[in-house]
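Chemist: If you read the sequence shown in the working numbering, its first letter stands for residue 3, the second for the next number, and so on. What follows is a single structure, and I will ask about it in a moment.
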Amino acid sequence: MASTTSDSNPAQAVPSDLKDRLKASYDAIAPEYNEWTVRHHAQRLQYLEKILAPLLDSNPSGQLRVLELGCGSGVPVTEKLLSYANVHVTANDISTAQIELARAHLLGSAEANASERLDLVEGDMTKLEFPDGSLDAVVAFYSIIHLPREEQTEMIGKIARWLKPGGYFLANFSQGEAESVVMDKWLGEKGWAFWSGWGKEATLKIVEEAGLHVELGEVSGHDTKELFLWVIAKRADH
Ligand SMILES: C[S@@+](CC[C@H](N)C(=O)[O-])C[C@H]1O[C@@H](n2cnc3c(N)ncnc32)[C@H](O)[C@@H]1O
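As structure tokens, this is what we get:
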């Protein structure tokens with residue numbers, strides 16, 4: 003999610019301890035990151051609405067089970083999901099600080115039975131397990147981009163299996179191709195960061211090969227410096 007490439011090093015290899023370092027980084031910079039990214043909130047909600055509308059229409063009263071990967075502080079996406087009384091959210095993040103911020107924001111919320119409809123799960127998203135065909139939607143805003151590329155492919159494969167027929171996957175990815183982009187001081191002295199991506203065409207192919215139909219695959223951003231590939235994909239109805 004780098005807003006500049008001036009102090010990044012695309013040639014660096016994938017660090018072996020990147021999960022520990024990313025956790026330590028988000029634990030240190032969570033407040034700064036959450037403040038900095040308020041300007042992206044409208045775009046998050048705009049894409050979320052594109053999957054919520056058909057999901058709620060097709061299932062107005064039954065419970066919808068949504069998994070959010072790399073939920074951060076839970077604002078605005080988890081909060082929006084919980085505003086629907088029939089939505090149950092499993093919200094995952096590797097950062098203890100982000101999970102605690104999400105707990106504070108969401109469990110004190112006035113939304114009906116929010117505490118009964120939210121599971122906060124701390125840890126690496128690649129270690130999560132769900133039964134096949136058990137989720138109505140999986141969403142991941144600016145989070146899968148922190149995985150090495152091979153793990154992104156495996157993650158998309160798991161997501162496709164976890165979705166129910168007719169279920170939706172919504173995520174954003176790097177629009178360009180990069181095996182490893184590292185910044186030592188992103189958003190602060192302790193803000194070590196890593197991103198990677200397959201680029202637009204390869205990412206869309208990976209999503210399709212996982213068994214999902216790409217309904218939207220577009221590059222956009224809230225300004226011209228922060229462009230991402232946004233993907234909405236659906237598991238076939240049967
Ligand atoms: C750029 S922030 C995005 C947070 C939130 N989704 C948002 O849109 O503001 C990336 C988040 O992903 C989390 N994260 C990074 N790697 C992760 C991993 N392997 N598993 C789970 N969460 C991870 C970070 O702790 C951080 O909260």
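Idealized CB from N, CA, C, for every residue including glycine.
1. Where does Y28 fall in DSSP's three states?
2. Count the C-beta pairs between the stretch 181 to 194 and the stretch 224 to 240 that are closer than 8 angstroms, then say yes if the count reaches three, no if not.
3. Check whether the Cβ of S97 lies closer than 7 angstroms to any heavy atom of ligand 1, and answer yes or no.
4. Give a single yes or no on whether D121 has its beta carbon closer than 7 angstroms to a heavy atom of ligand 1.
5. Any heavy atom of ligand 1 closer than 7 angstroms to the beta-carbon of N94?
6. Taking the C-alpha atoms as reference points, what is the distance between D9 and Q65?
7. To which residues of the same chain is N36 closer than 6 angstroms at the C-beta, ignoring the five residues directly before and after it?
8. When the Cα of L24 is compared with those of S85, R41, A99 and A55, which residue comes out closest?
9. Between L69 and T92, how many whole angstroms is the CB-CB distance? I'm expecting something under 8 angstroms.
10. Relative to ligand 1, is the shortest distance from any of its heavy atoms to the C-beta of E127 smaller than 7 angstroms?
11. Within the present structure, is the beta-carbon of R163 separated from the nearest heavy atom of ligand 2 by less than 7 angstroms?
Modeler: A quick look at the data gives this:
1. Y28: helix per DSSP, three-state reduction.
2. Too few Cβ pairs lie closer than 8 angstroms, so no.
3. Yes.
4. Checking the Cβ of D121 against ligand 1 gives no.
5. Relative to the non-hydrogen atoms of ligand 1, the Cβ of N94 comes within a distance shorter than 7 angstroms of at least one.
6. Interpretation of D9 is limited by its pLDDT of 44, a score under 50 that renders its predicted location unreliable; the figure taken from the coordinates is listed afterwards. Taking the straight line from one Cα to the other gives about 46 angstroms.
7. In chain order, S75 place their CB closer than 6 angstroms to the CB of N36, counting only its own chain and leaving out the 5 sequence neighbours on each side.
8. The residue with the shortest Cα to Cα distance from L24 is A99.
9. For L69 against T92, the beta-carbon gap comes to about 5 angstroms, under 8 angstroms, which counts as contact.
10. Looking at the sequence shown, residue 127 is not Glu but Met. Indeed, a heavy atom of ligand 1 lies less than 7 angstroms from the Cβ.
11. Here the bound small molecules are ligand 1; ligand 2 is not part of this structure.
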